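Written below as C-alpha cells is the structure these notes are about.
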Amino acid sequence: MRILHYFLGFHRQGGMNRYAMDLALAQFAAGNDVFVLYPDGGWRVPRRARIRTSGEFGGIRCFSLVGGPAVPLLEGVASPSMLLDCPRRLSNENIRAFWREVAPDVVHVHTWMGFPNELFDFIETSEAKMIYTTHDYFGLCPRVNRLRPDGSVCEGCNDADCSRCNRHAPDERRLALRNWGLLIGMRKFLLPLKRLLVRRRQLDGEDRPFEVKPFGLLRQHYIDWMRRCDVVHFNSPVTERIFTGAVSGLRGVMLPIAHGGIIDRRDGEVTVSTPLRLLFLGAATPYKGLPMLLDVLRCLEDKGLENWCLDVYGDVGENRKRVVFYGAYDLNALWDVLKQHDVLVVPSIWDETFGFVVAEALCCGVPVLCSDRAGAKILLPPEWVFSGKDDLKDKLDDILSHPDALLQRKKFLREKCLFTSMAEHVGEVDKLYRTVL
Numbered sequence: 000m001r002i003l004h005y006f007l008g009f010h011r012q013g014g015m016n017r018y019a020m021d022l023a024l025a026q027f028a029a030g031n032d033v034f035v036l037y038p039d040g041g042w043r044v045p046r047r048a049r050i051r052t053s054g055e056f057g058g059i060r061c062f063s064l065v066g067g068p069a070v071p072l073l074e075g076v077a078s079p080s081m082l083l084d085c086p087r088r089l090s091n092e093n094i095r096a097f098w099r100e101v102a103p104d105v106v107h108v109h110t111w112m113g114f115p116n117e118l119f120d121f122i123e124t125s126e127a128k129m130i131y132t133t134h135d136y137f138g139l140c141p142r143v144n145r146l147r148p149d150g151s152v153c154e155g156c157n158d159a160d161c162s163r164c165n166r167h168a169p170d171e172r173r174l175a176l177r178n179w180g181l182l183i184g185m186r187k188f189l190l191p192l193k194r195l196l197v198r199r200r201q202l203d204g205e206d207r208p209f210e211v212k213p214f215g216l217l218r219q220h221y222i223d224w225m226r227r228c229d230v231v232h233f234n235s236p237v238t239e240r241i242f243t244g245a246v247s248g249l250r251g252v253m254l255p256i257a258h259g260g261i262i263d264r265r266d267g268e269v270t271v272s273t274p275l276r277l278l279f280l281g282a283a284t285p286y287k288g289l290p291m292l293l294d295v296l297r298c299l300e301d302k303g304l305e306n307w308c309l310d311v312y313g314d315v316g317e318n319r320k321r322v323v324f325y326g327a328y329d330l331n332a333l334w335d336v337l338k339q340h341d342v343l344v345v346p347s348i349w350d351e352t353f354g355f356v357v358a359e360a361l362c363c364g365v366p367v368l369c370s371d372r373a374g375a376k377i378l379l380p381p382e383w384v385f386s387g388k389d390d391l392k393d394k395l396d397d398i399l400s401h402p403d404a405l406l407q408r409k410k411f412l413r414e415k416c417l418f419t420s421m422a423e424h425v426g427e428v429d430k431l432y433r434t435v436l
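The opening position of the sequence shown corresponds to residue 0 in numbering that gives the first Met the number 0, with each subsequent residue numbered one higher.
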C-alpha cells in the first residue's frame with residue numbers, strides 16, 4: 000500500500016507528531032511505501048507556494064510545503080482571510096509532479112493546519128482515499144485546543160468570541176518565522192523571549208476595541224472538508240463526542256492511538272511506597288488541572304491524610320511540604336520516573352484529545368487516576384476515572400486510606416494488559432484503510 004501522511008513534521012515535538020512519525024515508520028517497516036508531507040516556514044513569506052523534496056527520515060521520503068497557508072499552532076489566527084483567501088497557491092504543475100512521485104492509495108491527514116485548499120481539491124478528484132485523525136480541534140477552533148487565552152475552556156463559539164480570542168494572533172510573517180525549522184531547533188533558548196513578546200502584545204491591546212471577523216466562515220470551510228473525507232478517525236471518545244456534536248454527517252470510527260515507546264515495561268517487584276508517591280506530568284496550567292489537584296490534596300491534608308507526596312514533572316513551581324517540582328524532564332528518563340511512583344494523576348479540565356501519558360503509565364504497571372475530560376480514559380476501568388473536583392477528592396481519599404487496595408490495582412496491572420502497542424495499532428489502522436479502499 001502507498002501511504003502519504005500529512006502532519007507538522009519530524010522536527011517537532013508533541014503527541015500528534017510522535018504518533019504520526021511512529022505510525023509512518025511502523026508502516027514502512029511493515030513493507031508499505033510511505034511518504035510524509037509537512038509545512039515549513041522561513042525568515043520570509045515566499046510569493047508562491049510549492050512542494051519540494053526534503054530528504055529522508057528512517058528511509059521514508061519527505062516533502063515540505065513552503066509558502067502554504069499559515070500554521071498557527073496555539074498562536075491563533077489573526078484573520079480568516081489568511082487561510083480562506085491565501086494568495087500563495089500551489090501550481091497545478093507542482094501538485095501533479097509531486098503526485099507522480101508519491102501516487103498514494105491513502106492520504107492520512109493528522110491536522111488541517113497549513114493544508115492547502117488546492118491540494119485538498121486535487122486529492123478529492125484522484126482515486127486516493129482521505130483519512131483524517133482528530134488529534135486537535137483546529138477546524139472547529141482557530142486556537143486549536145478550545146481554550147481561551149486566560150486558560151478557561153470554550154464550550155461554544157461565535158464570530159465575536161473567536162475574534163476576541165484571536166485578537167492578539169501574530170501576522171503571517173511572524174508565523175512563518177515561528178514555524179521555520181531552523182528556529183524550532185532553538186526553541187529552548189527563544190521561549191523566554193516569546194513569552195515576553197506575547198505578554199506585551201496582550202497588555203498593549205487589552206482594553207482596545209477589536210474587530211469582529213467572520214470566523215464562522217472559516218469554521219464552515221473545515222467542517223465541509225471533514226464531511227468530504229472518506230473516514231474520520233476519532234482517537235478517543237472525547238473527540239468523537241466533540242466532533243460529532245459539532246459536525247453532522249461525519250463518517251467516523253473511534254480507535255485509540257499509541258506510539259512506538261508504548262511497549263510492555265512491567266517488571267520488578269509489585270510494592271506500594273510509604274508515603275504513597277503521586278505523580279503529575281505536564282504544564283502547571285489551570286486547564287491541565289494541577290491547581291485543582293493541589294487544592295484537593297490540601298483538603299485531604301487538613302483532614303489528616305498525610306501519607307503522600309506529589310512529584311510534578313514538566314514545569315516549575317514553588318516547592319512546599321510534600322510537593323516537589325522537578326521542571327522539564329528528558330523523555331528518555333520518562334520510564335524510570337513512572338516506575339518510581341505509585342499513582343499517576345491526570346486531572347485535565349479541558350477536552351484532552353487523548354493523553355499518551357495514561358498509556359505510558361499503564362505499560363509500566365502504574366495505576367492512573369484520570370479525568371473524564373481526557374480521551375485516554377477509554378483505556379481504564381470506570382472506577383479509575385473521576386468527574387470533577389469532588390470525585391477526585393473522594394477517589395484520592397479512598398486510595399490514601401486503603402493502600403492495600405492500591406497494591407491490588409498494581410497486581411491487576413501486572414496481570415492485565417490495558418494498553419495497545421504500536422505493532423498492534425498498525426494492524427488496526429491497516430484494517431481501517433482497507434475498509435475505505
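C-beta: ideal position from N, C-alpha, C; glycine also. Fair warning: this is a prediction, and the values are worked out from it, not measured in the lab.
Comparing alpha carbon positions, the residue from Val295, Pro208, Leu83 closest to Trp307 is Val295. The distance from the Cβ of Thr133 to that of His107 is about 12 Å, inconsistent with a contact at the 8 Å cut-off.
Apart from sequence neighbours up to five positions away, no residue of its chain approaches Lys430 with a beta-carbon distance below 8 Å.
Selection Lys388, Leu412, Ala23 evaluated against Asp266 yields Leu412 as nearest (Cα-Cα). Under the DSSP assignment, Leu280 falls outside any alpha helix (DSSP H), being part of the beta strand (DSSP E) whose first and last residues are 275–280. Using a Cβ distance threshold of 8 Å, Trp349 and Leu368 do not count as a contacting pair. Per DSSP, Leu254 is not a residue of any alpha helix (DSSP H), being assigned neither H nor E. Between His401 and Arg17, the CB-CB gap reaches or exceeds 8 Å. A direct Cα-Cα distance of roughly 35 Å separates Leu146 from Pro103. The stretch 27–100 is shown to contain whole alpha helix (DSSP H) runs of 4 or more residues at 80–83, in chain order. Take the alpha-carbon of Arg46 and the one of Leu174: they are about 15 Å apart. At a Cβ-Cβ threshold of 8 Å, Arg177 and Gly40 count as neighbours. Assignment of alpha helix (DSSP H) within the stretch 281–314, counting only whole runs of 4 or more residues, yields 289–301 in chain order. A straight-line Cα-Cα distance of about 28 Å links Trp224 and Ala25.
Counting only runs of 4 or more residues that sit fully inside the stretch 334–398, the alpha helix (DSSP H) segments are 355–362, in chain order. For Val428, the enclosing alpha helix (DSSP H) stretches over residues 421–435. Straight-line spacing of the CA atoms in Val231 and Thr110 works out to 12 Å.
Note: Phe233 is bridge-paired with Met253 in the DSSP secondary-structure output.
Ile222: member of the alpha helix (DSSP H) spanning 214–227, first to last residue.
Rounded to whole angstroms, the gap between the alpha carbons of Asp389 and Asp170 is 43 Å.
For Cys153, the CB contacts under 6 Å within the same chain, skipping 5 residues up- and downstream, are Arg145, Arg147 in chain order. According to DSSP, residue pairing for His107 in a beta bridge involves His4, Ile130.
A straight-line Cα-Cα distance of about 22 Å links Leu73 and Glu239.
Using a 10 angstroms sphere on the CB of Pro380, the tally of other CB atoms stays under 16, which defines it as exposed. The alpha carbon of Asn116 has as its nearest neighbour, out of Leu280, Leu64, Tyr136, Arg99, the alpha carbon of Leu64. Distance from the CA atom of Val356 to the CA atom of Tyr5, rounded to whole angstroms, is 24 Å.
For Phe324, the enclosing beta strand (DSSP E) covers residues 322–326. For Asp120, the uninterrupted alpha helix (DSSP H) run begins and ends at 116–124, by DSSP.
Taking every protein chain shown into account, the CB of Thr419 has 16 or more other CB atoms within 10 angstroms, so this residue is buried. Assigned with DSSP and collapsed to three states, Leu139 falls in coil, not helix or strand. In this structure, DSSP gives Leu146 an extended state, which the three-state scheme calls strand.
The distance from the Cβ of Gly316 to that of Ala327 is about 12 Å, inconsistent with a contact at the 8 Å cut-off. When only Cα atoms are considered, Asp403 and His340 end up about 15 Å apart. About 6 Å separates the beta carbons of Leu83 and His220, which is inside the 8 Å limit, making them a contact pair. In the same chain as Asn318, and ignoring 5 residues on each side of it, the C-beta atoms closer than 8 Å to its own belong to Phe324, in chain order.
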